[in-house]
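J.: To start, I am sharing the structure in question, which I have written as structure tokens.
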Amino acid sequence: MKLNLTIIAFWFTFNGFAQVNCDLTLQTTIENFNVYHHNPSGATMYKAKMAIDADGSPRAYGPNNTGLDWTANAGYPGNWWGVVTDSNGDPIIQGPGDPYPGMYVSTTSLVNSAYGVTNPLRYTNSETVPFFVLPSAVVSLGGIRIGDVGYVYNTQTGQGCFAIYADAGPSGKLGEGSIYLAQQIGINSNPRTGGTSLGIIDYIIFPYSGYGQGTIPTIAQIDSIGNAKLAELGGFAVTQCLEPNPGDFIPPTTQISVPANWDTTNFVVNFSDLDNTNGSGIEKSFYSVSDYFAGEWRANNNKGFFNDNFNTTSINNEWTVSTGTWFINSNHKLEQSDESLSNTNIYAPLTQNLSNRYLYHWKASMSGSGSNRRAGFHFFADQPDSSNRGNSYFVWFRLNDQKIQIYKVINNSWGTSPVKDTTYSFVAGQEYDFKVIYDRITGIIRGHKKQVLRFIRFF
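Numbering of the sequence shown is given in our numbering, commencing with residue 158 and proceeding in unit increments.
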């Protein structure tokens, strides 16, 4: 038997989790908040407060303060700037066929040109669309047009959301978002009493990234563009560029010495990891040993390694199908296609008492037509064929609920709630790169998406 060997090395630094270039140029300062130009990408970036903009909601404003926001924020008799007016300068009142009869028609800068000026559906609805507001002092810097996509991140809650530039604000004000956007990032979304005056919200705007005037994109379209643009900047870790001490974003280097030819006997492989000078240091190194046999790259699960590239037409016999319809599709991905089942299960054995820490790394996507689409991963399971795998740790990815969760399964029961619940904007059909690290001595579980830390849990 001839064996060839490959070693895959992973490392995690203390502060940096993705390769990000924080080359910024200060462009202007508004309300003591600095606005930067991200030189490698052209993105506009700033950290600011968040006021709540109700504009575009069909119930944003009405007579005698009956709307979500104070009527005065849309104007006053003789000078209405936030609602549609008739030829006499009076606000148009919604009729019986409109979303909220008796309320004014609230406007936004970004419109859906398929609808007329007096139709409430023409404007970007603050209650259903994640959008942010930009003052002319930022737009005039260049590189931004109406409808462009951005990423908005709450540095206190760790919640982020892709959004669009859909409304204009006063030139001397900075930091404003829609009701829907505020809800997604953990900010009080009440237009009258909500928002935050603290400079804890990161705004990153991707240049010329939207559809432009006349089109209001769907959330799925916003997320698709946003994910692609953010990846070009190095991922979610780019928000660290707005921190006073942005951390270490230069990845370590790995050198591996392996035999040049096929080897049929035991041999030694040496590898070393080095961080850059004055870097944050390397917290932990991981390695994976795979062998090529019978047309597949696999690993010795008795020694704590596991690998499957699914590059054949049939599932390897290391796997056991318990429930569900599992197969290797034409793209060499393991797929489960039965949407009628709520608890599908395929499992494989792995010895996990030879090291203190284990790294589980895989790529996956979620799609389908249901309203409760999700996927999960049990590890350290002692009864893999049980309904909830006996005793295990369980990482759960919810497409419809937009959540990443961790459960601790005891005696085949999840308990009443997850031990960790993190919001994440998943996009149907998009492939994600996941890494879960478990320390069986300390009980710490850390989850990463494209090298960016997404959650940490102590047991």
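Note that beta-carbon positions come from the ideal geometry of N, C-alpha and C, so glycine has one too. Model, not experiment: these values are computed from the prediction.
Inspect the CB distances between the stretch 209–216 and the stretch 279–289 and report whether three or more fall short of 8 Å.
T.: With a cut-off of 8 Å, the stretch 279–289 and the stretch 209–216 count as touching, because enough Cβ pairs lie within range.
J.: Quick one: what's PRO220 bridged to in DSSP?
T.: Answer is none; PRO220 lacks a bridge partner.
J.: Tell me the DSSP secondary structure of THR624 in three-state form.
T.: Any property of residue 624 remains undetermined from this structure, which presents the chain solely from 158 to 616.
J.: May I ask you to list the residues that DSSP assigns as paired with ALA200?
T.: Looking at the DSSP assignment, ALA200 forms no beta bridge with any residue, so it has no partner.
J.: Going straight from the alpha carbon of THR580 to that of LYS560, what length do you get?
T.: Each residue's alpha carbon lies about 5 Å from the other.
J.: In angstroms, rounded to a whole number, what distance separates the CA positions of SER526 and THR411?
T.: Roughly 43 Å separates the two Cα atoms.
J.: Just tell me which of ASN500, ASP465, SER445, MET523 has its CA closest to the CA of ARG546.
T.: Ranking ASN500, ASP465, SER445, MET523 by Cα distance to ARG546 puts ASN500 first.
J.: Put LEU160 into one of helix, strand or coil per three-state DSSP.
T.: With a pLDDT of 41 at LEU160, under the threshold of 50, the modelled position of this residue cannot be trusted, and the question is left open.
J.: Between which two residues does the beta strand (DSSP E) carrying ILE485 extend?
T.: Counting along the chain, the beta strand (DSSP E) containing ILE485 begins and ends at 483–485.
J.: Going by DSSP in three states, GLY383 sits in which element: helix, strand or coil?
T.: GLY383: helix per DSSP, three-state reduction.
J.: Can you tell me where the alpha helix (DSSP H) with SER294 in it begins and where it stops?
T.: In the sequence as presented, Ser is not what sits at residue 294; that position holds Ala. First-last of the alpha helix (DSSP H) with ALA294: 293–296.
J.: So what does DSSP say about GLN184, is it helix, strand or coil?
T.: If DSSP states are grouped into helix, strand and coil, GLN184 belongs with the strands.
J.: Can you tell me whether DSSP reads ARG131 as helix, strand or coil?
T.: Because residue 131 is not part of the residues shown, which for the chain are 158 to 616, the question remains open.
J.: Specify whether the stretch 367–387 and the stretch 303–321 touch according to this definition: at least 3 beta carbon pairs, one from each stretch, less than 8 Å apart.
T.: Because the criterion of three Cβ pairs below 8 Å is met, the stretch 367–387 and the stretch 303–321 touch.
J.: Would you mind sorting MET158 into buried or exposed? The rule is 16 or more other CB atoms within 10 Å of its CB.
T.: Reliability fails at MET158, whose pLDDT of 29 lies under 50, so the model's placement of it is uncertain and no value is given.
J.: In angstroms, rounded to a whole number, what distance separates the CA positions of TYR203 and GLY317?
T.: Distance between the alpha carbons of TYR203 and GLY317 is about 15 Å.
J.: Would you mind working out which of THR477, PHE536, ILE361, GLN493 sits nearest HIS194, comparing C-alpha positions?
T.: The option with the nearest alpha carbon to HIS194 is ILE361.
J.: Using only the alpha-carbon positions, how far apart do ARG349 and TRP227 sit?
T.: Straight-line Cα distance between these residues: approximately 7 Å.
J.: Could you check how far apart the C-beta atoms of PRO364 and GLY300 are, in whole angstroms? I think they sit under 8 Å.
T.: Confirmed, about 4 Å.
J.: State the DSSP-derived secondary structure class of GLN313, mapped to helix, strand or coil.
T.: Three-state result, GLN313: coil.
J.: Taking 8 Å as the cut-off, does the stretch 262–273 touch the stretch 308–328 (at least 3 CB pairs, one atom from each stretch)?
T.: Counting Cβ pairs under 8 Å, three or more are found: they touch.
J.: CA-CA distance, GLU188 and TYR308?
T.: Taking the straight line joining both Cα atoms gives about 21 Å.
J.: Determine whether the beta carbon atoms of PRO220 and ASP255 lie at a separation below 8 Å.
T.: For PRO220 and ASP255, no; Cβs fall outside 8 Å.
J.: Report yes if the CB atom of TRP553 is closer than 8 Å to the CB atom of GLN562, and no otherwise.
T.: Yes.
J.: For VAL200, count neighbouring Cβ atoms within 10 angstroms of its own Cβ and tell me buried if that reaches 16, exposed if not.
T.: Contrary to the premise, residue 200 reads as Ala rather than Val in this sequence. ALA200 is buried by the Cβ-count criterion.
J.: Does the count of Cβ pairs from the stretch 476–492 and the stretch 422–436 closer than 8 Å reach three?
T.: No: fewer than three Cβ pairs fall under 8 Å.
J.: Quick one: what does DSSP say GLU453 is sitting in, helix, strand or coil?
T.: Three-state DSSP puts GLU453 in a strand.
J.: Enumerate in chain order the residues of its own chain whose CB-to-CB distance from ASP596 is below 7 Å, with the five nearest sequence positions on each side excluded.
T.: So the qualifying residues of the chain are ASN513, ARG514.
J.: Would you say LYS206 and LEU355 are within 8 Å of each other, going by their C-beta atoms?
T.: Cβ atoms of LYS206 and LEU355: closer than 8 Å.
J.: Which residue comes first and which comes last in the beta strand (DSSP E) that contains LEU331?
T.: Here LEU331 belongs to no beta strand (DSSP E), and DSSP marks it neither H nor E.
J.: Do TRP519 and PHE591 have their CB atoms nearer than 8 Å?
T.: Against a cut-off of 8 Å, the Cβ pair of PHE591 and TRP519 comes out as a contact.
J.: Compute the Euclidean distance between the alpha carbons of PHE167 and ALA229, then round it to the nearest angstrom.
T.: Residue placement at PHE167 is poorly supported in this model, since its pLDDT is 46, which falls under 50; the coordinates still yield a value, given next. If you take the alpha carbons of PHE167 and ALA229, they lie about 57 Å apart.
J.: If we count the other Cβ atoms within 10 Å of its Cβ and call it buried at 16 or more, is TYR218 buried or exposed?
T.: The residue is buried, with at least 16 neighbouring Cβ atoms inside 10 Å.
J.: For the candidate residues GLY586, TYR550, ASP247, whose alpha-carbon lies nearest to that of PRO575?
T.: Comparing Cα-Cα distances from PRO575 to each of GLY586, TYR550, ASP247, the minimum goes to TYR550.
J.: Using only alpha-carbon positions, find the residue among TYR504, ASN433, PHE462 that is nearest to ILE472.
T.: ILE472 has its Cα closest to that of TYR504, out of TYR504, ASN433, PHE462.
J.: Considering only C-alpha positions, which residue in the set SER494, GLY452, THR275, GLU496 is nearest to GLY252?
T.: Ranking the options by Cα distance to GLY252, first place goes to THR275.
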